[in-house]
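Residues in the sequence shown are numbered consecutively from 675, following this note's numbering.
Heads up, the thing below is written out as structure tokens.
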Amino acid sequence: MKQQNENLVYWAIRLVSYSIVLVIGYIIFDIIIKGASILSWEFIFDYPRLSGAEGGIFPAIAGTIYLVTGAIVVALPMGMASAIYLTEYARQGRFTRSIRLAIVTLAGVPSIVFGLFGLGFFVLFLNFGASILAGSLTLAIMILPTIIVSSEEALQAVPQAFREGSLALGATKWQTIYKNVLPFALPGMFTGSILGIGRAAGETAPILLTVAAFYLPRLPETIFDQVMALPYHLYVLATQHPEADKVLPMQYGTALVLLLLVLFFNLTAIFLRIHFRKKYRW
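In structure tokens, the structure reads:
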């Protein structure tokens, strides 16, 4: 009876897993099949016309790259530094546990909340206006908890003997962290950055309130300019455009480009993780 129950649970979990993979696979397959027909050099590198119904999506691609890059530049060093402090320097007690609980809680907060915070703090209070700077900082704050949590887990996975041996040989605390801990924790840290990058590139709500413009057929000149972005462009094409059926191919093409862009960012982080994992093995 016990063996039968275990087999039942095993096959139930397996069925759920296969179902999820099939659903996601179907969605990706549908986007690729219907989006590939519209992909061309003109679609990727041309500027939009007729409120996005014709032309290309180059400003939206460039805007997405600007926003994601800005978010990574801010969030990645801050997240890793915070994880290093909480793991290696902070006194482990009730206050530190409270900070960790707050970080984990923030990781699950809906993105619209971060968008409202970015609107109130960066756009209005700091007077950045709807700009690349405000949007990038909002996305950085949104992905920061994910990076901190995964970086902490990676640091804690490094054996304590690495630290004790280095300190016993006379190395300082920072030398121990920099030479004996970080190289072995970096692959895990990049795993967290992968999750953050994917979320930053695909979110609509934060950039809707802080930076995104639907129709802006030019590239930004400064970090205080608005930009188009693929997620918001896709959202408006699918829900707000008066001729939704006419722009359906544009929707699939934009979705495919966004998918490929997220894949590019993720592959870059994966290659970095593999590089460090091969270089530092333990």
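Beta carbons are placed, not taken as given, at the ideal position from N, Cα and C, and that holds for glycine.
Values in this document were obtained by computation on a predicted structure and should not be read as measured data.
Would you identify the three-state DSSP class for Val-885, choosing helix, strand or coil?
If you number the sequence shown from 1, residue 885 lands on position 211. Looking at Val-885 - three-state DSSP - the assignment turns out to be coil, as it is neither helix nor strand.
If you draw a straight line from the C-alpha of Ile-851 to the C-alpha of Leu-813, how long is it?
On the sequence shown, residue 851 is found 177 positions in, with the first residue counted as 1. On the sequence shown, residue 813 is found 139 positions in, with the first residue counted as 1. Ile-851 and Leu-813 have their C-alpha atoms some 28 Å from each other.
Suppose you measure from the CA of Leu-932 to the CA of Tyr-926; what does that come to, to the nearest Å?
Start at 1 with the first residue of the sequence shown, and residue 932 comes out as number 258. Start at 1 with the first residue of the sequence shown, and residue 926 comes out as number 252. Taking the straight line from one Cα to the other gives about 10 Å.
Whose C-alpha, out of Leu-780, Arg-951, Gly-699, Val-936, is nearest the C-alpha of Ile-875?
Within the sequence shown, residue 875 is the residue found at index 201, counting from 1. Per the sequence shown, residue 875 should be read as Ala rather than Ile. Closest option to Ala-875, Cα to Cα, is Val-936.
7 Å CB neighbourhood of Ala-804 in its chain, flanking five on each side removed:
For the purposes of this step, residue 804 is taken as the residue at position 130 of the sequence shown. Here the set comprises Val-797, Thr-884, Val-885, Gln-900.
Which residue's Cα is closest to the Cα of Trp-715: Ile-706, Tyr-700, Phe-732, Ile-707?
On the sequence shown, residue 715 is found 41 positions in, with the first residue counted as 1. Closest by alpha carbon: Phe-732.
Return yes when the Cβ of Leu-860 is within less than 7 Å of the Cβ of Pro-819, no when it is not.
Counting from 1 along the sequence shown, the entry for residue 819 is found at position 145. Counting from 1 along the sequence shown, the entry for residue 860 is found at position 186. Contact flag unset, no.
Please list, in chain order, all residues of the same chain as Leu-790 whose beta carbon is under 7 Å from its beta carbon, the five residues on each side excluded.
Sequence index remark: in the sequence shown, residue 790 carries index 116 (1-based). Cβ within range, chain order: Leu-883.
Report back the beta-carbon spacing between Val-778 and Val-823 to the nearest angstrom; my notes put them in contact at under 8 Å.
As a position in the sequence shown, residue 778 is number 104, starting the count at 1. As a position in the sequence shown, residue 823 is number 149, starting the count at 1. Between Val-823 and Val-778 the Cβ distance is about 6 Å, and since that is below 8 Å, they are a contact.
Is it buried or exposed, Ile-881, if we count other Cβ atoms within 10 angstroms and call 16 or more buried?
Taking the sequence shown and counting its residues from 1, one reaches residue 881 at position 207. Counting every other CB atom within 10 Å of its CB across the protein chains shown gives Ile-881 a total of 16 or more, marking it as buried.
Apart from the five residues on each side of it in sequence, which residues of its chain come closer than 7 Å, Cβ to Cβ, to Thr-961?
A question about residue 961 goes unanswered here, because the residues of the chain that appear run from 675 up to 956.
In terms of residue numbering, what span does the alpha helix (DSSP H) encompassing Ala-842 cover?
As a position in the sequence shown, residue 842 is number 168, starting the count at 1. From DSSP, the alpha helix (DSSP H) with Ala-842 extends over 834-842.
Just tell me which of Phe-939, Tyr-906, Glu-838, Thr-878 has its CA closest to the CA of Phe-888.
Here the question's residue 888 lines up with position 214 in the sequence shown. Of the candidates Phe-939, Tyr-906, Glu-838, Thr-878, the one whose C-alpha sits nearest the C-alpha of Phe-888 is Tyr-906.
Along the alpha helix (DSSP H) that carries Ser-711, what are the first and last residues, could you check?
As a working mapping, residue 711 is identified with position 37 in the sequence shown. Here Ser-711 belongs to no alpha helix (DSSP H), and DSSP marks it neither H nor E.
For Ser-867, count the other beta carbons within 10 Å of its own beta carbon; 16 or more makes it buried, fewer makes it exposed. Which is it?
Position 193 of the sequence shown, counted from the first residue, corresponds to residue 867. Buried is the call here.
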